[in-house]
Each structure stands twice: as structure tokens, then as C-alpha cells.
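Step one of this worksheet: look at the structure below.
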Amino acid sequence: MSPDEKRQFEEQPRKDKERYRKEKEAYDAAHKTD
16 MSPDEKRQFE EQPRKDKERY RKEKEAYDAA HKTD
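Printed below as a string of C-alpha cells:
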């Protein structure tokens, strides 16, 4: 695995987490019950 591939592989989960967090915030905001 080249260094570039390794860096992309390590960055991918972080991007997914950020996207998940943003989507969760948007979902929570759209479904507020309080």
C-alpha cells in the first residue's frame, strides 16, 4: 500500500463520521419533539 493510499484509507472513516454527524444533526433538528 502506497503512502497516498494509506492516507486516503485513514481519512475515509473521519469523513464518514463527519458526514454522519452532520446528517444526524439535521435529522435531530427536523424531528425535535421538545
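Residue numbers (our numbering): 16 to 49. All C-beta atoms in this analysis are idealised placements derived from N, C-alpha and C, irrespective of residue type, glycine included.
DSSP state of residue i mapped onto helix, strand, coil
{"i": "Lys30", "result": "helix"}
{"i": "Lys39", "result": "helix"}
{"i": "Lys53", "result": "Shown here, the chain extends from 16 to 49; a query on residue 53 therefore has no answer."}
Alpha-carbon spacing of residue i relative to residue j, whole angstroms
{"i": "Lys32", "j": "Glu38", "result": "10 Å"}
{"i": "Tyr42", "j": "Tyr35", "result": "10 Å"}
{"i": "Arg29", "j": "His46", "result": "25 Å"}
{"i": "Glu25", "j": "Glu40", "result": "24 Å"}
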